[in-house]
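Enquirer:
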Amino acid sequence: MSVALACLVLLSAASLVVGVADLDSNVLLHSRVPRTLALVLAGSALAVSGQIMQLLTRNVFVEPSTAGTMEFATAGLLVSALFFPGAPVVVKMCYGAVAALIGTAVFLRVLAAVPLKDMLVTPLVGMMLGGVVSAGVTFVAYRADLVQSLSSWTTGDFSAILAGRYELLWIAGGLTLLASLLADRFTVAGMGEAFTTNLGLDHRRTVMIGMSVVAVVSATVVVTVGALPFLGLVVPNIVRNTIGDNCRRAVPWVAVLGAGFVLACDLVSRLVIHPFEMPIGTVMGVVGAVAFLVILLRGRR
Amino acid sequence: MVTPAVRLSLLALAALGIIAFYVAYKLPTGSSFVLERRLTTVATMTVVATAIGVATVLFHTVTANRILTPSIMGLDALYLALQTASVFFLGIVVVNPVAQYLVVLASMVAFALLLFNTMLVRLNRSVTMMVLVGVLLGGLFRGLSSFMQRLLDPEAFVVLSDRFFADFTGTNPGLLGISAVLVAGSVAWVWRSRRELDVVALGRDLAIGLGVDHCRASLVHLVLVALLVGTSTALVGPTMFFGLLVAHLTYRLAGTHRHAVTVPAVALAGTITLVGGQLLFERILGFEGSLSMVVEFVGGITFIVLLLRSARAGRPA
């Protein structure tokens, strides 16, 4: 753990130093520090969200971007941009969170009722659901000339992060802390409804709390930096393969590795076409897809 | 009880009727140009509807899952990546359309063959695993395309983004001819093995028990799916949920799951949807050129409704 933390500190330091502008206190305070904080907060929050979703759905291939949650959050943001264009970011985030919650509920209902013989079908259904929503969102945005704002939500990008433009992510950070306090409950809830009830825990309520955390975290991340694909899938799976399924033990690892993964991807995205910048969503799409493939193919036959 | 034969004839009548109406509606007298253009559009739509419809039904049969669409396997993402790469590396040049079409089609089929062969034969994994790997590769292609799009100048990007949505009007007659031949050939093959497909639809174990070489049958029909989807994509551009929409319309209308009925029925239903949609949107509502987006949207909504209904009824879709 201490090694992991040391790596995280090292990566954060690198993230503070790398950049086009010469380093002075002004740049550091208003751009580099907020950016590094935003990366750490978004990375750990999304990774923990993925962990919670995987526990609650009992499927290791579920995370906000394979369950349609991200796309539903985008749809919510689009609604607020269409009807309340002047609303403050917090209000927009609320629309996104409500839409993400609806999306998660739809996904869970489908999962609960459709007997899925194969664990691999679940992410397929989720991604189809996401595809439908994003097709609809693209159509509406195209007709309303909002394609530009749409792409800022669908592709993660930290280049516009300055002091004053990332603080919403502290909400995600706080919720992640809350989730790690509730980790034991999620572990129990992941063992099934009957078992949970038997241990005296309200299964429905636990699932509701978990999914609300996931929805709010997704909406905050989408509205501040845009979608970060596969993060919540890759990191918890790596952690699970090394230290097992106990959520309370795994959560700190997941959070630290998630933050480290995002920091590393962000460094790549800043350096690959230096002095310009790639959006991190693109880098993570490529890296995450490859990592997912490796997990998939090295796993059970 | 309406027999499937009667249902098929009714569908055929409806398709013919709507085509005739589309071609003849407010046709300026003596204008052979308008007539020719409308005939090309109708022919394109028939070819695309047949290709996508039959491909979706085949895909549902082979994967034993009715809520998937074949383009999820990464074919449309490959198309986008190829288009982006051509603009990225070659710039906005006038390429011979037939050559471009053939290159795009060949790469899609080659990709599909490679994917199927690696996953199903060499690694001996399930069809579902193969589809999931296809989805991920699709995501990879999308990432690479957006990487290249970032580096394009805005003018080239505008040219490129026109190719992202399916467009049914103004296709090249030569390409249409090639596509029609390819689609007709594939559909003829499907028709020949329609009884085998009925057995494959029962699921892997039952099909093997009844003496069908399930692995070979899956492989052959998936290649046909790739060929059909590739043809349609290379001709008009990507479609995602259109196939899902017409396949489910067909299951509802056909009254049977035998491929001898569903295969012709899905081609007819698809043609009715596209031509009817074009009639409604272009001529009556006056939405220019957004048919493909609307069809995708409606197809997507159908998918969600299907999922929720099957959730309520507690049975698989």
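If you read the sequences in order, they're chains A and B.
The numbering used here puts the first residue of the first sequence at 29, with every later residue one more than the last.
The numbering used here puts the first residue of the second sequence at 173, with every later residue one more than the last.
For every residue, glycine included, the Cβ atom is placed at its ideal position computed from N, Cα and C.
#1: I'd like to know whether the C-beta of F288 of chain B is nearer than 8 Å to at least one C-beta of chain A.
#2: Around the C-beta of E221 of chain A, are 16 or more other C-beta atoms found within 10 angstroms, so that it is buried, or is it exposed?
#3: Does the stretch 103-122 of chain A come within contact of the stretch 215-229 of chain A, defined as at least 3 CB pairs closer than 8 Å?
#4: Identify, in the order they occur along the chain, each residue of the same chain with its Cβ nearer than 8 Å to the Cβ of T474 of chain B, setting aside the five sequence neighbours on each side.
#5: Of all Cβ atoms in chain B, is any one closer than 8 Å to the Cβ of G260 of chain A?
#6: Nearest CA to the CA of L316 of chain B: which residue from B:A249, B:T422 and B:F329?
#7: For A439 of chain B versus A221 of chain B, is the C-beta distance shorter than 8 Å?
#8: Looking at Y194 of chain A: is its Cβ nearer than 8 Å to the Cβ of P307 of chain A?
#9: Cα-Cα, which of A:S208, A:S30, A:T234 and A:L139 is closest to A95 of chain A?
#10: Taking beta-carbon pairs under 8 Å, can you tell me which members of the stretch 300-329 of chain B lie near chain A?
#11: Residues of chain A with a CB under 8 Å from the CB of G472 of chain B: which are they?
#12: Chain A partners of N237 of chain B, CB-CB under 7 Å?
#13: For V322 of chain A and L211 of chain B, I'd like the C-alpha separation in whole angstroms.
#14: Check each residue of the stretch 118-130 of chain A: if its Cβ is closer than 9 Å to any Cβ of chain B, include it; give the result in chain order.
#15: Quick check on DSSP: helix, strand or coil for M147 of chain A?
#16: Under 8 Å, Cβ to Cβ, is there at least one residue of chain B near V134 of chain A?
#17: Helix or strand or just coil, what does DSSP make of V433 of chain B?
#18: Which whole-angstrom value is the C-beta distance of T233 of chain B and T241 of chain B, which I expect to be below 8 Å?
#19: Under a Cβ-count criterion, where at least 16 other Cβ atoms within 10 Å of its own Cβ denotes burial, should N54 of chain A be classed as buried or exposed?
#20: Look up Y194 of chain A in the DSSP assignment and say whether it is helix, strand or coil.
#21: Which value, in whole angstroms, describes the spacing of the CA atoms of V372 of chain B and N237 of chain B?
#22: Does the stretch 423-434 of chain B touch the stretch 184-200 of chain B, meaning 3 or more C-beta pairs lie closer than 8 Å?
#23: Residue range of the alpha helix (DSSP H) that I380 of chain B falls in?
#24: How big is the Cα-Cα spacing for M320 of chain B and V76 of chain A?
#25: Within 10 angstroms of its Cβ, does V31 of chain A collect 16 or more other Cβ (buried), or is it exposed?
#26: On the three-state DSSP scale, how would you describe N274 of chain A?
#27: List, in chain order, every chain A residue whose beta-carbon is nearer than 7 Å to that of I380 of chain B.
#28: Report the option in B:A282, B:A278, B:V477 and B:V259 whose CA atom is closest to the CA atom of D325 of chain B.
#29: DSSP three-state call for V384 of chain B: helix, strand or coil?
#30: Could you give the distance in angstroms between the alpha-carbon of Y348 of chain B and the alpha-carbon of S59 of chain A?
#31: My assumption, with CB atoms under 8 Å, is that S351 of chain B sits in contact with T403 of chain B. Please give the rounded CB distance.
#32: With a floor of 4 residues, list each alpha helix (DSSP H) that falls wholly inside the stretch 266-315 of chain A, ordered by position along the chain.
#33: Looking at C-alpha atoms only, which residue of B:A257, B:V206 and B:T218 is the closest neighbour of G448 of chain B?
#34: How would you list, in chain order, the residues of chain B whose beta-carbon sits under 9 Å from the beta-carbon of A283 of chain A?
#35: Starting from A222 of chain A and walking both ways along the alpha helix (DSSP H), at which residues does that stretch end?
#36: By how many angstroms is the C-alpha of A406 of chain B removed from the C-alpha of Y273 of chain B?
Expert: According to the structure data:
#1: no
#2: exposed
#3: no
#4: F413, L416, L417 and H420
#5: no
#6: B:A249
#7: yes
#8: no
#9: A:L139
#10: T300, M301, V303, L304, V305, V307, L308, L309, G311, L312, R314, G315, L316, S318, F319, R322 and L323
#11: G159, V160, V161, A163 and G164
#12: V149
#13: 49 Å
#14: none
#15: coil
#16: yes
#17: helix
#18: Going by Cβ atoms, the distance from T233 of chain B to T241 of chain B rounds to 14 Å, so no, they are not a contact pair.
#19: exposed
#20: coil
#21: 12 Å
#22: no
#23: R376 to G381
#24: 32 Å
#25: exposed
#26: coil
#27: Those do not exist, as I380 of chain B stays about 17 Å from chain A at its closest Cβ, beyond 7 Å.
#28: B:V259
#29: coil
#30: The sequence given here has Leu at residue 348 of chain B, not Tyr. Rounded to whole angstroms, L348 of chain B to S59 of chain A spans 55 Å at the Cα level.
#31: 5 Å
#32: 275-299
#33: B:T218
#34: By Cβ distance, chain B contributes nothing, its closest Cβ being about 25 Å from A283 of chain A, past 9 Å.
#35: E221 to N226
#36: 6 Å
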